[in-house]
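Engineer: Got a structure here, written out as structure tokens. Questions coming.
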Amino acid sequence: MIVDTGKKISVPSTDLTENNRKKENISEIIEEMREQLVKLVQEKGISDSEVIVLSQCLDEYIVQFQIIMNRQSRMCLKTHY
7 MIVDTGKKIS VPSTDLTENN RKKENISEII EEMREQLVKL VQEKGISDSE
57 VIVLSQCLDE YIVQFQIIMN RQSRMCLKTH Y
């Protein structure tokens, strides 16, 4: 089972407003996928191939979220110094 939420993620822009929107979208996707993963693990077990695929996909979204957060942190530091 591959989860397609219909939401695409691209490289974050340097615009803080755009980053905030992307951060919120990715955050929502992460939460939905996390809930799906918990249910799937309960149904099929942790080593099931569907669980592994969903877990890897969730990892990718988490990395994208971290990239956005790091960019925002760097931008805030630049504006304060």
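First residue of the sequence shown? That's 7 in this note's numbering, and the numbers climb one at a time after it. Virtual Cβ for every residue (Gly too), placed ideally from N, Cα, C. Model, not experiment: these values are computed from the prediction.
1) Going by DSSP in three states, residue 65 sits in which element: helix, strand or coil?
2) Using 10 angstroms around the beta-carbon of residue 16, count the other beta-carbons present and answer buried if the total reaches 16, otherwise exposed.
3) Taking contact to mean 3 or more Cβ pairs, one atom from each stretch, closer than 8 angstroms, check whether the region 28 to 47 and the region 66 to 75 are in contact.
4) Which residues in the same chain as residue 50 place their Cβ atom closer than 8 angstroms to its Cβ, once the five residues preceding and following it in sequence are excluded?
5) Label residue 28 either buried or exposed according to how many other C-beta atoms from any shown protein chain fall within 10 Å of its C-beta, with 16 as the threshold for buried.
6) Rounded to whole angstroms, what's the CA-CA distance from residue 61 to residue 81? Just pull it up for me.
Structural biologist: The answer reads as follows:
1) Numbered from 1 along the sequence shown, position 59 holds the residue referred to as residue 65. If DSSP states are grouped into helix, strand and coil, residue 65 belongs with the helices.
2) Within the sequence shown, numbered from 1, the residue matching residue 16 stands at position 10. Summary for residue 16: the model assigns pLDDT 39, below 50, so the residue's position carries little reliability, and this model does not support an answer.
3) yes
4) Position 44 of the sequence shown holds residue 50. Correct list, in chain order: 56 and 57.
5) The residue you call residue 28 lines up with position 22 of the sequence shown. Flag for residue 28 reads buried.
6) Translated into positions along the sequence shown, residue 61 becomes position 55. Translated into positions along the sequence shown, residue 81 becomes position 75. If you take the alpha carbons of residue 61 and residue 81, they lie about 30 angstroms apart.
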